[in-house]
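Peer 1: Using numbering that gives the first Met the number 0, the first residue of the sequence shown is number 0, and each one after it goes up by one. Just so it is clear, CB atoms sit at the ideal spot from N, CA and C, and this is done for glycine as well. Predicted model only: the values in this text are computed from it and were never measured.
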Amino acid sequence: MKVLICTGIFPPEIGGPATYSRILASELKKRGHNVRVITYSGGESGIKNYELGEEFPVIRIPRSKFKLLHYWRYFCAVKRYGGQADLLYAQDPVSAGYPTYLAAKILRKPFAVKITGDYSWEQAMGRGLTDKLIDEFQTQPQYPKRIKQMRGVQIRVAKGAARVIVPSRYLKKIVTGWGVKEKQTTVVYNSIEPPRLPLSKAEARKDLNISERTFLIVSSGRKVKWKGFELLEKVVADLGKRHPNLELKILSAAPRAVLYKYFWAADLYVLNTGYEGLSNTLVEVLGIGVPIITTNVCGNPEIISNDFNGLLVDYNDASGLKAAIEKVYDNPELGRRYVENGKRILANFSLDRMIGQTLEVLQACVF
């Protein structure tokens, strides 16, 4: 099968879609498929693929200050190389997805799209145009003009795809709520490999200058409105009056090596979030072996089952969060049980499983 993978970012740029696209392309090539990648690109646009160590062709479209210009260039590249492919696979429904959708229509080629969230909602939140969480946003009677346009594009692309791949059952519910047929939408969990660190928890804590007595709570994520870092800080500060050895570390822009070292050193990981399509970080933390408290929203319950491999609380519920932290703090054996139970679900996020299920979906578009 000849597959053209159309993505918004690709290594050496960093981010989930970049990592996923490279892994997918490499694994498809290993399995005998012909793969080509098209991506937007920054300063590395002029670098040759062999210099980046790529084992398959990567067409890099330079970003422009004028978005319409680089969208046009991207569309032309998809139209050119898509003619040689059996299938086009877009990694988002807007920046890569819309040019791919248009090119596929002209070429009369099947295309699939991966949807990892609601782009229109994220943009509305980021621009201060809504204060509603994602579920409530879906049922708004009206949207600001620019957001309405974005929403229309992503829905048109999703409906026009032969198949839609989503990384959680929660996101399948969101996408089918847009009018996409259920049989057209398939859940394929991402492959998530817990990091392997060449040091023990004690060594990690020593490197980070964290004392043995400290009960270290770690949280992480982008500084966006739906991450409840402010409330978490207040809760831990309040608990610290009774438990002075509590310490909270929030990591928003740390290098991955530093992030993982803090995970390794942690006694508890807390994610007070109003939205997660499916959190890679929660799976990574489970694999490292740290007890988890998170919210009972969106894709989180697909990873954490309450009081089995962690604790679930309501989003921004100060009293519930406080009680959950104290429960783990007061019961070290409970935390160890959560960690052991957490190992049981890691197979759901294996590489072989992700590639096998993705291939089934892509082949169904063609054959």
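Tell me which residues share the same chain as residue 128 and place their Cβ nearer than 7 Å to its Cβ, disregarding the 5 neighbours each side in the sequence.
Peer 2: As a first step, residue 128 must be located in the sequence shown, where it is residue number 129. If we look at residue 128 and ignore the five residues flanking it on each side, its Cβ neighbours are 143, 146.
Peer 1: What span of residues does the alpha helix (DSSP H) with residue 257 cover, start to end?
Peer 2: Reading the sequence shown from its first residue, position 258 is the one you call residue 257. Start and end: 255-264.
Peer 1: To the nearest angstrom, report how far apart residue 282 and residue 170 are at their CA atoms.
Peer 2: As a working note, residue 282 is residue 283 in the sequence shown. As a working note, residue 170 is residue 171 in the sequence shown. Between residue 282 and residue 170, the C-alpha separation is close to 17 Å.
Peer 1: Please list, in chain order, all residues of the same chain as residue 232 whose beta carbon is under 7 Å from its beta carbon, the five residues on each side excluded.
Peer 2: To locate residue 232, count along the sequence shown from 1; it is residue 233. Here the set comprises 247.
Peer 1: Tell me the residue span of the beta strand (DSSP E) that contains residue 218.
Peer 2: Within the sequence shown, residue 218 is the residue found at index 219, counting from 1. Unbroken beta strand (DSSP E) run through residue 218: 214-219.
Peer 1: Would you list the residues sitting across from residue 26 in a DSSP beta bridge?
Peer 2: Taking the first residue of the sequence shown as 1, we reach residue 26 at position 27. BP columns for residue 26 are empty, so no partner.
Peer 1: Return the chain-ordered list of same chain residues with a C-beta closer than 7 Å to the C-beta of residue 34, the five sequence neighbours on each side being excluded.
Peer 2: What you label residue 34 is simply residue 35 of the sequence shown in a count that begins at 1. Answer for residue 34: 2, 4, 24, 27, 28, 55, listed in chain order.
Peer 1: Taking the alpha carbon of residue 105 as the point to measure from, which residue in 82, 221, 290 has its own alpha carbon closest?
Peer 2: Position 106 of the sequence shown, counted from the start, is the residue given in the question as residue 105. Of 82, 221, 290, the residue nearest in Cα terms is 82.
Peer 1: Going by the CB atoms, is the gap between residue 340 and residue 277 shorter than 8 Å?
Peer 2: Indexing the sequence shown from 1 puts residue 277 at position 278. Indexing the sequence shown from 1 puts residue 340 at position 341. Contact flag unset, no.
Peer 1: Can you list, in chain order, the residues of its chain whose CB lies under 6 Å from that of residue 193, leaving out five sequence neighbours each side?
Peer 2: By 1-based counting over the sequence shown, the position of residue 193 is 194. Cβ within range, chain order: 283, 286, 287.
Peer 1: Could you tell me the boundaries of the alpha helix (DSSP H) in which residue 98 lies?
Peer 2: Within the sequence shown, numbered from 1, the residue matching residue 98 stands at position 99. Element bounds for residue 98: 96-106.
Peer 1: Inspect the beta-carbon positions of residue 80 and residue 58 and report whether they are closer than 8 Å.
Peer 2: Numbered from 1 along the sequence shown, position 81 holds the residue referred to as residue 80. Numbered from 1 along the sequence shown, position 59 holds the residue referred to as residue 58. Result yes, Cβ atoms of residue 80 and residue 58 sit closer than 8 Å.
Peer 1: State the Cα-Cα distance for the pair residue 272 and residue 317, rounded to the nearest angstrom.
Peer 2: Position 273 of the sequence shown, counted from the first residue, corresponds to residue 272. Position 318 of the sequence shown, counted from the first residue, corresponds to residue 317. About 13 Å.
Peer 1: Going by Cα to Cα distance, which pick from 260, 175, 66 is closest to residue 218?
Peer 2: Here the question's residue 218 lines up with position 219 in the sequence shown. Looking at the Cα atoms, 260 is the closest of the given residues.
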